[in-house]
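These notes are about the structure you will find just below.
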Amino acid sequence: MINAFRVFTATVLVLISTVFLWAQTATTPDYASWQDVAARSTEAIEAGRASDVALGELRSQLVEWRDKFDKARDTNAKAIEVVNSQLAALGKAPEDGEEPAEIATQRSSLNASLSALRAPVQSAEVAYTEADALINGIDEIIRDRQSDRLVQRGPSPLNPAHWPEAFEHFVTSAHATWNESVVAWKNPIQQAEMRANAPEVIFLLAVAFLLLARSRAWFDRLSQKIQVRSSSVGHWLAGLAVSLGQVLLPLVGLQALILAAYATDLPGLRGELFLSNLIWAGFQFLASIWLAAQIFPKTVKIEPLIKLSDDQRAAGRVYSSVLGAVLALQVLLAAIAEHDRWSDATAAVIYLPVFVVACFALWRLAQLLKQRETDDTASPTDRLISLLARALNAVAVFGVALAIVGYFNASQRIIFPAITTLQVLAAVVILQRVVMLVFALVTGAADNGRDSLIPVLMGGMLAIASLPVLALVWGARASDLAELWRTMSDGVQFGETRLSPMDFFTFLLIFIVGYTMTRLAQGALKNTILPKTKLDLGGQNAIVAGLGYIGIFLAALIAINAAGVDLSSIALVAGALSVGIGFGLQNVVSNFVSGIILLIERPVSEGDWIEVNGNMGYVRDISVRSTRMETFDRTDVIIPNADLVSGVVTNYTRGNTIGRLIVPVGVAYGTDPRRVEKILKEIAASHQTIMSYPEPAVLFRGFGASSLDFEIRAILRDINLMMVVHSDLNHSIAQRFMDEGIEIPFAQTDIWLRNPETLRPNAQPETPVGPPVTPETAPKDDKKDDAE
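In mature numbering (1 follows the signal peptide of the UniProt record, and there is no 0), the protein residues as written are -23 to -1, 1 to 765.
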């Protein structure tokens, strides 16, 4: 019975596999057509004579075929999984001896079915590999050609022999464009159509003139007016948003001008070529002016991106506008040169003045960056700006030098991408500042959010997002970036999990979004919701901190799941490491758990005056590992949370700020104690900070060595003022005792020395000193007296 059931199961599986196989047949690529495409591609690669355009089209076909083969590699995936699971259930074939006939039949049927299911997958794998190799071959040819053109030397624009030819080509292009319009003007049919469209043309020209002539000035004044009202972040952001009208409205004016030109039906082929590129050229110019106005602002309302004087910022705006005009002119010249097929000599001569102007502006801009104000310690931003200035100097020098000696393509590939790179970098820096200021505006972060994590992460993401743009600017093809992205998307296989940069970006993006939402929720709770409740400051901080820990944990968990990481493997690794973590990080875990206990039970809150382990001060911050206490001499003491939970902590301000003050007082013996007690009570009762209930008490504590000892014991409304009140009471006591004639004793000690001469054993006896000798008292000479 069991064997019959197994045979029936095998038959059903084979039928299921066949059904899957039939279902996948409709999606099988046409390998015969593919062979024709592969043969043509191989021939084109080996010959190497096809143009870049032809190779690009052929590459696009190969990419489509490769995508088909990539999808075909998943053919019969479900059926193969089912058959593999059944083969796994049968186990390995016995090495010694023969297995039962029913099992052998079942295994043979499953293996045959598996081979049939894998056949289209293997064919797709082979074709996919061939297509990928052909694509790489085409890419290599195109890259080699680009490199050859870059180092190819052409005619020098300084050779006077090429000037007449260049002048003739330029005049011919301009004259041909003018002749097209003149011919159209003389055509009666087009004249009639132009008269019919005259109202529309006049209206469009009026709109174009108004927007091109006045819109920039309008929005500039409006933006300045908004930002001048206040130096707040909100006004600055509003002014920045309004200033975008300086770009958008003139572009609308350009579009109106183009529509007016088309409505006249005067433009010919060259005119249409000019008009089709006018919007992009205008955008290049207007964007450069707007970016320059943000990097080198007229008025400084917040900290500037580059510290320069007013004159230097004005010069920076001028040079940036010149670079924008160069880019706009390059767009138009490139279109005309391609249409009229200018020779290399003509292009070199006509472009040389453009190169010179561009390199001069780049050089002057680099000098401005070097003249910026810097602090004594160079920051990473200062170092990057210095590096950028040196790079601009190099571009300015080598760009003109290469053009002069005949390397037109190399010069063009250096100068114009360098200018565009400046635009991209300026846009990224402005967006980073906007993100930082928006974050500061929403969360109320100090220092405009400069030291916060979210703006830093968002700035990093903006920098990463700008890399493909910069790659395109410097000559990379979109197909190259697509190929790189495909390679990165394949990722790396780790066991049963495949990790790719896309998974990492997904994890990073979701985690940043979750982290941002957590911080925003914390800011809303801290600044808006919790202050309206009756919770004390410690409770509010505990709720905000707890929300932060939960939010970050959930953000990480969701990001890991979204990235496709198998959490079961992480759980196994975590279980294997838990023992080592438990022994090696006992103190860390203990402090972490203690930090959670502190946040929940809140025996100590931020702002409390505590004493622990002989240290006294105010609690300034409670984290999951330690607590920071600021002492009265403004030093920070880091206390492990385990000491606060398991040790003895004195909290002077827990629940309220009421506390007791003890002031010792001593008076001389012979003073009336009752009188002293009365005076001290009057002094204590007269102080405003001392509570009247319970009233202050004066105690006669005892008889000291040289004084009668008293104590003032009073309850203060705010224990934080204990030292101030103590000092005030001492001043009042000293003045009152002086007025009352009460003596405040001080210790006196008499020192008696016995046998002081023994303290100087080598001293000689003192010689008596007689009165001074004078002529009257001097002894007379006896011999002289005898002679007389």
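Note that the Cβ used here is the ideal one computed from N, Cα and C, for glycine as well.
For residue i, the nearest candidate out of the options (CA to CA)
i	options	result
A56	S567, V98, E583	V98
residue 766	K503, N538, N136	Shown here, the chain extends from -23 to 765; a query on residue 766 therefore has no answer.
G591	F569, L127, L621	L621
L65	N53, K48, N88	Here residue 65 turns out to be Ala, not Leu, going by the sequence shown. Taking only the C-alpha atoms, the option nearest A65 is N88.
N386	L414, W451, H139, E142	W451
F375	D359, S669, A395	A395
E654	I710, V205, G594	I710
K45	W267, S10, A674	S10
E583	V596, V333, I573	V596
E20	D7, W162, I115	I115
V128	A674, S388, N518, P165	S388
residue 804	G624, A269, L685, T627	A question about residue 804 goes unanswered here, because the residues of the chain that appear run from -23 up to 765.
Y492	I431, L512, A453	I431
residue 766	R172, L485, I279, T358	This structure gives no information on residue 766, because the portion of the chain shown stretches from -23 to 765.
R193	P165, Q167, L228	L228
G643	R678, T634, T630, A674	R678
N564	S623, A533, R611, F609	S623
I520	E72, S253, I577	I577
P244	R318, L268, W155	W155
A338	N370, L255, S663, D321	N370
I141	V326, L111, S124	It should be noted that the sequence gives Pro, not Ile, for residue 141. Here the closest residue by C-alpha is V326.
V419	G500, G436, I381, T398	G500
Below-7 Å beta-carbon distance, residue i vs any chain D residue
i	result
I506	Included in the structure is just one protein chain, with no chain D present.
Assumed close pair residue i, residue j - CB separation to whole angstroms, cut-off 8 Å
i	j	result
I692	P671	6 Å
H703	L638	6 Å
L698	E688	Actually they are not in contact, since the Cβ atoms of L698 and E688 sit about 19 Å apart, beyond 8 Å.
V401	V433	Not quite, the Cβ-Cβ distance comes to about 20 Å (not below 8 Å), so this is no contact.
F196	L234	In fact, because the Cβ distance is near 19 Å, the residues do not count as touching under 8 Å.
V299	V333	Contact doesn't hold; Cβ gap of about 12 Å is too wide.
residue 768	A403	Outside the shown range of the chain (-23 to 765) lies residue 768, about which nothing can therefore be said.
L342	Y296	5 Å
Exposure label - residue i; buried when at least 16 CB within 10 Å
i	result
W586	buried
H708	exposed
V277	exposed
N732	exposed
Q725	exposed
I728	exposed
residue 806	Only positions -23 to 765 of the chain appear in this structure, which leaves residue 806 out of reach.
L(-11)	In this predicted model, L(-11) has a pLDDT of only 48, less than 50, meaning its place in the structure is not dependable enough to derive any value.
H146	buried
H152	exposed
V159	exposed
Q12	exposed
G383	buried
E23	exposed
A3	With a pLDDT of 43 at A3, under the threshold of 50, the modelled position of this residue cannot be trusted; read the value that follows with caution. So A3 ends up on the exposed side.
L346	buried
L361	exposed
Q665	exposed
V589	buried
I179	exposed
G594	buried
Residue i to residue j span [Cα, whole Å]
i	j	result
D51	F488	31 Å
E117	Q223	44 Å
P132	C336	20 Å
A440	V405	7 Å
L187	G230	8 Å
F714	E720	7 Å
S669	M700	19 Å
K69	D29	56 Å
A173	L221	36 Å
I635	G528	37 Å
A240	A312	22 Å
E170	A183	20 Å
E102	R95	10 Å
Q83	A54	21 Å
L329	T323	10 Å
A532	L414	24 Å
Exercise for review: Pair every Cβ in the stretch 250 to 268 with every Cβ in the stretch 197 to 215, then say whether three or more of these pairs are closer than 8 Å.
Suggested key: no
Check your understanding: Should the stretch 570 to 582 be regarded as contacting the stretch 615 to 634, the criterion being three or more beta carbon pairs within less than 8 Å?
Key -> yes
**Study point:** Cβ pair count under 8 Å reaching 3, the stretch 100 to 116 against the stretch 453 to 461
**Key:** yes
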